[in-house]
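Novice: Handing you this structure, nothing more for now.
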Amino acid sequence: MAQINKPKPLNWTVTLSKSDKNPYGAYVLYDQLKHIFPKASINSYREPFYSRLHDNFYKNTAYFVLSPDISTDTLDVAEACEFVESGNYIFISTYDLSKKLQDTLGIKLHRSFDFDGKDSTGINFTNPSLHGAKNYISTKALVNEYFDTIKRPDSTIILGVNSKGKPNFIRVACGDGAFFIHAAPLCFSNYFMLHNGNEAYTAKALSYIPSTVETIIWDEYYKLGRGGPVSPLRFFLTNQYLRWALWLSVIGLLLYVLFNIKRQQRIIPIITPLQNATLDFVKTIAGVYFSQKDNKAIAQKKLLYWLEFVRQRFYLSTQYLNNDFVQLLAKKSGVGVGNIEAIIYYASIVESSKISDKLLLEINTSIDNFYTQVI
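When the letters of the sequence shown are read in order and numbered with the working numbering, they come out as residues 2 to 376.
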C-alpha cells in the first residue's frame, strides 16, 4: 500500500519545453509571456532559423531560443542576422552555442567545470536599476558558464554576471536590432523561477526586449527537433550514427542475397564450438541492462571504468575533477582538453539527470574517443 501511495519521483531532465511542468521545463515562463508582452501574439514553432525566417517578413518581433545546446549552420546564421538587422530581436540562452554563431557575433562561451563542492551559485545584473541587493541564487543547478572572449566591445554590452563577476548575459547590436545571449538557460526553468524570489531575475532579463513587440516566436526545435510524429524509420534517419548503421545493414543484406543467388552451397556439417563461459556472462549482463533500458546504470559504469583507467594508467587522483585535473590529464594523455572536459561534464550530471538514448550515445562516443587517442 505504501508503494502505491508513494509520490512519483521528479523528472530532472533538462527540456526547457513550453509544455513541461517538471523542474527543468519552461511551462511557467511560457505561460507568463502573455503578461510580460501583452501586445504580442505568441507563436511556437519547431523549425530551425532558416526554415522559419526565410521568405517570411517579420517586423517588431522577438525570437526566443532556450536550449542546453544550439547547433546552427551557415544558412541559419545568415537568416538570423538578416532578421535582427531588420530591427528584430533574438534572445538565446544556452550552455553550448554553435561555433559559427559565436564567430559571427565575436564571442566565445566558456563551459565551466569548477567542481568546488558548492551546491548553489549566484547571478546578477550590471545595470544599477536592475541590480539586486543580493545575488539571485540557484540551488539545484550551477550557473557558472560565462563569456571569456568579446571581440567587438564597441557593439557588445555586458548585461549580467555570475557570482565570480564573469559576464554571462550580453547584448550584441546588429543593424537595427540586437542579439541577447545568455549563458545560463536554467534561469528560465520552472524550478529557478519558483524558488528564492528568482522570478524577478527572469522578468528583468526579459525586460531588455521592448514590451511593445508585436510578435513572439517561441522555439521548440533546438530542444525537441522538428515537429510531427516520430516513426521508427525517422528516428533512425535523424541520427547520424543510426542512419549509417541502417544503410550498411541494407547494403550488406543486398550483397548477401546477390551472392547467394549466384551459387548453391553444399551442406556443411554443423560443428558445435567450445562454450565460452566468459562471453556468455558478458552477453547475459548486457542483455539485462538492455531489457531494463537502464541507460543511467550503463552511463555510470562507463564513467566509473574511465576514472579507474585514468587512475591506473596515468597515476592521477580523481577525487577533484577540476580545471587543474583537466590540464594535467591532457598533458599526460595527449588527449584534447575539450574531449576531457566533455567526459567530466557528463560525470557531473549523470547522477541527477535522466539519461536518454542520445545522451548515452554522446557519453559513449566521448569516452571511446579518449581511449582511441590514448591507446
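Backbone N, C-alpha and C define an ideal beta-carbon position, used for all residues, glycine too.
Going along the chain, which residues of its own chain have a beta-carbon closer than 8 Å to the beta-carbon of Thr75, five neighbours each way excluded?
Specialist: The residue you call residue 75 lines up with position 74 of the sequence shown. If we look at Thr75 and ignore the five residues flanking it on each side, its Cβ neighbours are Lys101.
Novice: With DSSP as the reference, identify every bridge partner of Tyr25, one or two as the case may be.
Specialist: Numbered from its first residue, the sequence shown carries residue 25 at position 24. In the DSSP output, where bridge partners are listed per residue, Tyr25 has none listed.
Novice: DSSP state of Val258, grouped into three classes?
Specialist: Counting from one through the sequence shown, the residue named residue 258 turns up at place 257. It is helical.
Novice: Reducing DSSP to helix, strand and coil, say where Ser38 ends up.
Specialist: Here residue 38 is taken as the residue at index 37 of the sequence shown, counted from 1. For clarity, residue 38 is Phe in the given sequence; the question names Ser instead. DSSP places Phe38 in coil when its eight states are reduced to three.
Novice: Hey, could you find the ends of the beta strand (DSSP E) Leu160 is sitting in?
Specialist: Position 159 of the sequence shown holds residue 160. Thr157 to Asn163 is the extent of the beta strand (DSSP E) around Leu160.
Novice: In the region 310-350, which residue ranges form an unbroken alpha helix (DSSP H) of at least 4 residues, counting only runs that do not cross its ends?
Specialist: Whole alpha helix (DSSP H) segments, 4+ residues: 324-334 and 338-350.
Novice: Measuring CA to CA, which of Ala179, Val144 and Gly161 is closest to Phe193?
Specialist: The count along the sequence shown starts at 1 and reaches residue 193 at position 192. If we check each option's Cα against that of Phe193, Val144 comes out closest.
Novice: Where does Asn128 fall in DSSP's three states?
Specialist: As a first step, residue 128 is located in the sequence shown; it is residue number 127 there, counting from the start. Coil, per DSSP.
Novice: Would you kindly work out how many angstroms separate the C-alpha atoms of Glu352 and Ile158, rounded to a whole number?
Specialist: Numbered from 1 along the sequence shown, position 351 holds the residue referred to as residue 352. Numbered from 1 along the sequence shown, position 157 holds the residue referred to as residue 158. So the two alpha carbons sit approximately 37 Å from each other.
Novice: Who are Ala179's beta bridge partners in DSSP?
Specialist: The residue labelled residue 179 in the question sits at position 178 within the sequence shown. Answer by DSSP bridge pairing, in chain order: Tyr90 and Ala174.
Novice: When burial is assigned at 16 or more other CB atoms within 10 Å of the CB, is Tyr372 buried or exposed?
Specialist: Locating residue 372 in the sequence shown gives position 371, counting from the first residue. With fewer than 16 Cβ atoms within 10 Å of its Cβ, Tyr372 is classed as exposed.
Novice: Please list the terminal residues of the continuous beta strand (DSSP E) segment that includes Leu67.
Specialist: On the sequence shown, position 66 is the one that residue 67 refers to. Run containing Leu67: Thr62 to Leu67, per the beta strand (DSSP E) assignment.
Novice: Would DSSP call Asp74 helix, strand or coil?
Specialist: For this step, residue 74 is matched to residue 73 along the sequence shown. Residue state, collapsed to three classes: coil.
Novice: Using only the alpha-carbon positions, how far apart do Ile217 and Asn191 sit?
Specialist: Translated into the one-based positions of the sequence shown, residue 217 becomes position 216. Translated into the one-based positions of the sequence shown, residue 191 becomes position 190. So the alpha carbons of these two residues sit roughly 20 Å apart.
Novice: For Phe148, which of helix, strand or coil comes out of DSSP?
Specialist: Walking along the sequence shown from the start, residue 148 turns up at place 147. Three-state result, Phe148: strand.
Novice: Lys135 to Gly198, Cα distance in whole Å?
Specialist: Here residue 135 corresponds to residue number 134 of the sequence shown, with the count starting at 1. Here residue 198 corresponds to residue number 197 of the sequence shown, with the count starting at 1. Near 11 Å, if we compare the C-alpha coordinates of Gly198 and Lys135.
Novice: Determine, using beta carbons only, whether Leu383 and Ser94 come nearer to each other than 8 Å.
Specialist: Beyond the ends of the chain as shown, which are 2 and 376, falls residue 383; an answer cannot be given.
Novice: Per the DSSP calculation, Tyr46 is bridged to which residue(s)?
Specialist: Sequence index remark: in the sequence shown, residue 46 carries index 45 (1-based). Answer is Asp220.
Novice: Rounded to whole angstroms, what's the CA-CA distance from Phe65 to Trp13? Just pull it up for me.
Specialist: Position 64 of the sequence shown, counting from 1, holds the residue named residue 65. Position 12 of the sequence shown, counting from 1, holds the residue named residue 13. Taking the straight line from one Cα to the other gives about 22 Å.
Novice: Could you spell out where the alpha helix (DSSP H) holding Tyr209 opens and where it closes?
Specialist: Here residue 209 is taken as the residue at index 208 of the sequence shown, counted from 1. No alpha helix (DSSP H) contains Tyr209, which DSSP labels as neither H nor E.
Novice: Determine contact between the region 22-33 and the region 161-178, defined as no fewer than three beta-carbon pairs at a distance below 8 Å.
Specialist: No, the region 22-33 is not in contact with the region 161-178.
Novice: What do you get for Thr279, buried or exposed, if any count of 16 or more other CB atoms within 10 angstroms of its CB means buried?
Specialist: The sequence position of residue 279 within the sequence shown is 278, counting from 1. Any reading at Thr279 needs caution, since the residue's pLDDT is 49, under 50, leaving its predicted position unreliable; the model's value is listed next. Its Cβ having fewer than 16 others within 10 Å, Thr279 is exposed.
Novice: Quick check on this structure: which residue in Ile368, Ser52, Arg172 and Ile356 has the alpha carbon closest to the alpha carbon of Ile341?
Specialist: Along the sequence shown, read from residue 1 onward, the residue named residue 341 stands at position 340. Ranking Ile368, Ser52, Arg172 and Ile356 by Cα distance to Ile341 puts Ile368 first.
Novice: Between which two residues does the alpha helix (DSSP H) harbouring Val192 extend?
Specialist: Indexing the sequence shown from 1 puts residue 192 at position 191. Note that residue 192 is Tyr in the sequence shown here, rather than Val. Where Tyr192 is concerned, the enclosing alpha helix (DSSP H) stretches over Asn191 to Met194.
Novice: Just reading off the beta strand (DSSP E) that Ser139 is part of, what are its end residues?
Specialist: Indexing the sequence shown from 1 puts residue 139 at position 138. It spans Tyr137 to Ser139 - the beta strand (DSSP E) in which Ser139 sits, taken as one unbroken run.
Novice: Counting only beta-carbon atoms, is Tyr192 nearer than 8 Å to chain D?
Specialist: The structure shown contains no chain D, having only a single protein chain.
Novice: Do three or more CB pairs link the region 30-48 to the region 206-225 at distances below 8 Å?
Specialist: Taking 8 Å as the limit for Cβ pairs, the verdict is that the region 206-225 does touch the region 30-48.
Novice: Judging by CA-CA distance, which residue of Asp155, Gln320, Ala204 and Phe50 is the nearest neighbour of Phe1?
Specialist: Here the chain comprises residues numbered 2 to 376, so residue 1 is not present and cannot be evaluated.
Novice: Rank Gln374, Val375, Tyr28 and Lys19 by C-alpha distance to the C-alpha of Leu195 and give the top, closest one.
Specialist: The sequence position of residue 195 within the sequence shown is 194, counting from 1. Considering only alpha carbons, the answer is Tyr28.
Novice: Mark Ser18 as exposed unless 16 or more other C-beta atoms lie within 10 angstroms of its C-beta, in which case mark it buried.
Specialist: Position 17 of the sequence shown holds residue 18. Counting Cβ neighbours within 10 Å, Ser18 comes out buried, since at least 16 surround it.
Novice: Return helix, strand or coil for Asp369, following the three-state DSSP convention.
Specialist: Position 368 of the sequence shown, counted from the first residue, corresponds to residue 369. Asp369: helix per DSSP, three-state reduction.
Novice: DSSP puts Thr122 in a beta bridge; with which residues?
Specialist: Looking up residue 122 in the sequence shown gives position 121. Its beta-bridge partners are Ser139.
Novice: Does the distance from the C-beta atom of Tyr96 to that of Asp220 stay below 8 Å?
Specialist: For this step, residue 96 is matched to residue 95 along the sequence shown. For this step, residue 220 is matched to residue 219 along the sequence shown. For Tyr96 and Asp220, no; Cβs fall outside 8 Å.
Novice: DSSP beta-bridge partners for Ile108?
Specialist: Position 107 of the sequence shown, counted from the start, is the residue given in the question as residue 108. Beta-bridge pairing links Ile108 to Ile151.
Novice: Check Gly168 in the structure and name its three-state DSSP category.
Specialist: Translated into positions along the sequence shown, residue 168 becomes position 167. Checking the sequence, you will find Pro at residue 168 rather than Gly. In this structure, Pro168 counts as strand in the three-state DSSP scheme.
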